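A.B. asks: Please read through the structure below; I'll follow up with questions.
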Amino acid sequence: MNVTAAIVNGVNEDYKLEKIRLDELRVDEVIVRIVASSICR
154 MNVTAAIVNG VNEDYKLEKI RLDELRVDEV IVRIVASSIC R
């Protein structure tokens, strides 16, 4: 499954949106769709 993830590569660095590949779900996993979120600074 291909998804878009917010990736942070180090302390005090900005996040970058990257396409990543996830392995297939196991029987004990679920997909959660996040509709909105925020980050406080």
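Counted the way this note's numbering counts, the sequence shown spans residues 154 to 194.
Don't be surprised by glycine CBs; every beta carbon is placed ideally from N, CA and C.
These numbers were taken from a predicted model, which means no experiment stands behind them.
Among Val-188, Arg-186, Ala-158 and Leu-175, which has the Cα closest to the Cα of Lys-116?
C.D. replies: Missing from the structure shown is residue 116; the chain here goes from 154 to 194 and no further.
A.B. asks: With Asn-155 as the anchor, note down where its beta strand (DSSP E) starts and where it stops.
C.D. replies: 155 to 160
A.B. asks: Indicate the three-state DSSP secondary structure (helix, strand or coil) for Glu-171 in the structure shown.
C.D. replies: strand
A.B. asks: Below 8 Å between beta carbons: does that hold for Ile-184 and Leu-178?
C.D. replies: Yes, they are a contact pair.
A.B. asks: From Glu-171 to Ile-192, what distance separates their C-alpha atoms?
C.D. replies: 18 Å
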